[in-house]
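A.B. asks: Numbered according to the numbering used here, the sequence shown terminates at residue 1485, and the numbering increases by one at each position without gaps.
Pasting in a structure now, in structure tokens, and then I'll have a few things to ask.
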Amino acid sequence: MTEHNEQDGTGTVSGLEEAIGLIFANSFDAESKVCLITLMKIIDNILQKPGDSKVRTIRLQNAAFASKVGSRKGGIEFLLACGFERSLAPAPLLANIKSGEEQLVLKDDRQSRLLAARRILTVRAVQDLGMKAEELPEYREPPVISLNSGAPSAAEFNPYVGHRFDAQSMAVGANLGPDQNYVSKTDSELQKLLEKQAKLEAQRQKINPEWRAFRPDESVNISASASASSPAEIGPSSNILGPSDSSLLAERMKKQQQDRLQREQGGFTTKAMRDLEKLKKEKVYSHVTLTVQFPDGYKLVGKFVPSDKIKLVLGSIQQQCLTIQNDFDLYITPPRRLLLPARTLKQEDLVPAAKVSVSWKQSPPQAPYLDESLFEVLKPISFPESKSIIDESKTKSAGSLSDQGAAKSTKSAADRESALLSKMMGGAKSILGSGTKKDPSSTSKKPKWFKS
């Protein structure tokens, strides 16, 4: 039964408590504080450096240890309760070191016993001596021991956190991490583009929806420009030139396929790198063109700012378009997804143009329920204007300059090769050229600044 208590730690805890009681009974509070702090530091060194035999050996003749722990009754008893054993130092190789010096050695590698001892020291220091947390040594979790090598290693390697392997990290025995003030080139470029995007979006102003209504037998398409169709072309069978729903759907599916292949075949990238590449392709649009489809085939077309919320669209339809009071929701399909009133058009991925459907919360109303004046609006519907966040002219000019530089370097290399060949074969070239009639047009021209 006693052996079982020693294994589960009951006997160890009682021995630790008795040793601390001896320290308190035979020392002043100031001396007890120094003794407990020193014992905490000894245990912390062993926990943090489990593979270092030096921290597991304590010379009893050490002056600092003798004054703080060895001279206090109960100090050595506490270490013995932690698992230390008395032994004699082996015969030294150097003559100035005394042989047979008594020491304490921790041979049993039982981490749980040391953790229990550290916990008891902390509790008794706070409760019995009234010490504050800032007076005690800071506790750090011990490293995980690798089963393969037995050496301490990090609990888990995080690839998203910077790691340093240099002389400074090795000196302190810890990963110092990256410089806190360091900003990578990717983060810096991303921040600049975000600021430019915010500046372009701030230039947009609130616009009037300019609703237009279409009957079920009228088709709605969006033209690339406002002048693509004239009022005379709009009628019951009008078909304003522009991309159809099928072409827009095919284009979107193609883009999703390209994005999926890029994610699968691309290498390792950080979130900042992915955000930067996405931002480079994005554009800031002047407005969003919404086509609102009712269950009976009637349609509304209006325009909003990408930062407008769905709640604003719902209110605008109810106040400016409907002649009845009937609650409804907006959704997109496929698949069917309800648009949340608190989200913006950009967050719902409705930029630059989208088709949304109406779902009546009550019984569907009978036509006519739309304002008749909206059917008489003849103003053409234009596709939103866009502006790239990255200046495309600079990108093209940079590409042309690089092409020009490559062509220039190629040409200069060819000229140098021709000049070298003419030097090497100068005699033969002059002989071969002596019988050739010289072309008058090939004579070199005099420079402009030359005066005869």
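From the three backbone atoms N, C-alpha and C, an ideal C-beta is built for every residue, glycine too.
DSSP three-state label for Asp1085, please.
C.D. replies: coil
A.B. asks: Could you pull the start and end residues of the alpha helix (DSSP H) that Val1346 belongs to?
C.D. replies: Ile1343 to Gln1353
A.B. asks: Compute the Euclidean distance between the alpha carbons of Asn1214 and Val1338, then round it to the nearest angstrom.
C.D. replies: 38 Å
A.B. asks: CA-CA distance, Gln1094 and Met1306?
C.D. replies: 60 Å
A.B. asks: Counting Cβ pairs closer than 8 Å, one from the region 1376-1391 and one from the region 1314-1331, do we hit at least three?
C.D. replies: Taking 8 Å as the limit for Cβ pairs, the verdict is that the region 1314-1331 does touch the region 1376-1391.
A.B. asks: Use the C-beta contact count for Gly1116: other C-beta atoms within 10 angstroms, 16 or more gives buried, fewer gives exposed.
C.D. replies: A residue is called buried once 16 or more other Cβ atoms fall within 10 Å of its Cβ, and Gly1116 is buried on that count.
A.B. asks: Could you pull out every residue in the same chain whose Cβ sits closer than 8 Å to the Cβ of Ser1354, ignoring the five residues on either side in sequence?
C.D. replies: The sequence shown places Cys at residue 1354, not Ser. Counting only Cβ-Cβ distances below 8 Å, and skipping sequence neighbours, we find Trp1244, Ala1246, Leu1333, Leu1403, Asp1404 and Leu1407.
A.B. asks: Near Leu1345, what residues of its chain come up, given a Cβ to Cβ distance below 6 Å and the 5 sequence neighbours on each side ignored?
C.D. replies: For Leu1345, where only same-chain residues beyond five positions count, there are no Cβ hits under 6 Å.
A.B. asks: What residue range is occupied by the uninterrupted alpha helix (DSSP H) comprising Ile1153?
C.D. replies: Gln1144 to Gln1160
A.B. asks: Which residue or residues does DSSP assign as beta-bridge partners of Ala1114?
C.D. replies: Partner(s): none; Ala1114 has no beta bridge.
A.B. asks: Under DSSP, the beta strand (DSSP E) around Arg1307 begins and ends at which residues?
C.D. replies: Unbroken run through Arg1307 is the alpha helix (DSSP H), Lys1304 to Lys1314; no beta strand (DSSP E).
A.B. asks: Rounded to a whole number of angstroms, what is the C-alpha to C-alpha distance between Glu1315 and Asp1292?
C.D. replies: 14 Å
A.B. asks: Among the residues of its own chain, which have a CB less than 6 Å from the CB of Thr1377, if the five just before and after it don't count?
C.D. replies: Ser1340 and Lys1342
A.B. asks: In the DSSP assignment, what residue or residues form a beta bridge with Leu1323?
C.D. replies: Gly1335 and Ala1387
A.B. asks: Counting Cβ pairs, one atom from each stretch, are 3 or more of them under 8 Å apart for the region 1163-1172 and the region 1136-1147?
C.D. replies: no
A.B. asks: Got a sec, what are the start and stop residues for the beta strand (DSSP E) Gln1230 sits in?
C.D. replies: Careful: Gln1230 lies outside any beta strand (DSSP E), inside the alpha helix (DSSP H) at Lys1218 to Ala1235.
A.B. asks: For Ser1463, which residues of its own chain have a beta-carbon under 7 Å away from its beta-carbon, when the five flanking residues on both sides are left out?
C.D. replies: For Ser1463, the predicted model reports a pLDDT of 42, less than 50, meaning its position is unreliable and no value from the coordinates is stated.
A.B. asks: If you draw a straight line from the C-alpha of Val1253 to the C-alpha of Val1410, how long is it?
C.D. replies: 14 Å
A.B. asks: Helix, strand or coil, according to DSSP, for Glu1135 in the structure here?
C.D. replies: In the three-state DSSP reduction, Glu1135 falls in the strand class (E or B).
A.B. asks: Below 8 Å on the Cβ atoms is my guess for Leu1069 versus Leu1139; work out the distance and round it to an integer in Å.
C.D. replies: Leu1069 to Leu1139, Cβ: 18 Å. No contact.
A.B. asks: Rounded to the nearest angstrom, how far is the Cβ of Met1164 from that of Lys1066, given a contact under 8 Å?
C.D. replies: 6 Å
A.B. asks: Check for me: the beta strand (DSSP E) holding Asp1141 runs from which residue to which?
C.D. replies: First-last for Asp1141: undefined, no H or E at that position.
A.B. asks: What are the boundary residues of the beta strand (DSSP E) that includes Asp1362?
C.D. replies: Phe1361 to Ile1365
A.B. asks: Reducing DSSP to helix, strand and coil, say where Ser1396 ends up.
C.D. replies: coil
A.B. asks: Please work out which residues of its chain come closer than 6 Å, Cβ to Cβ, to Arg1151, disregarding the five sequence neighbours upstream and downstream, and give them in chain order.
C.D. replies: Ile1076
A.B. asks: How is Ser1100 classed by DSSP in three states: helix, strand or coil?
C.D. replies: helix
A.B. asks: Beta-carbon within less than 6 Å of Ile1053's beta-carbon, same chain only, minus the 5 sequence neighbours each way: which residues are those?
C.D. replies: Arg1157
A.B. asks: Since Gln1136 and Thr1090 are thought to touch, with beta carbons under 8 Å apart, how far apart are those beta carbons, to the nearest angstrom?
C.D. replies: 6 Å
A.B. asks: Give the DSSP bridge partners of Arg1245, in chain order.
C.D. replies: Val1334
A.B. asks: Quick check on DSSP: helix, strand or coil for Arg1293?
C.D. replies: helix
A.B. asks: Taking C-alpha atoms, which residue in Asn1078, Lys1082, Leu1121 and Leu1113 lies nearest to Arg1092?
C.D. replies: From the listed residues Asn1078, Lys1082, Leu1121 and Leu1113, the smallest Cα separation to Arg1092 is found for Leu1121.
A.B. asks: Rounded to the nearest angstrom, what separates Ile1365 and Ser1415 at their Cα positions?
C.D. replies: 22 Å
A.B. asks: Hey, Leu1055 and Gly1107 are a contact pair by Cβ (cut 8 Å); roughly how many whole angstroms apart?
C.D. replies: Yes, they are in contact, since the Cβ atoms of Leu1055 and Gly1107 sit about 3 Å apart, within 8 Å.
A.B. asks: DSSP on Ser1421, reduced to helix/strand/coil?
C.D. replies: strand
A.B. asks: In whole angstroms, what is the alpha-carbon distance linking Leu1233 and Ser1319?
C.D. replies: 10 Å
A.B. asks: Can you tell which of Lys1074, Pro1368 and Arg1237 has the C-alpha that lies nearest to the C-alpha of Glu1418?
C.D. replies: Arg1237
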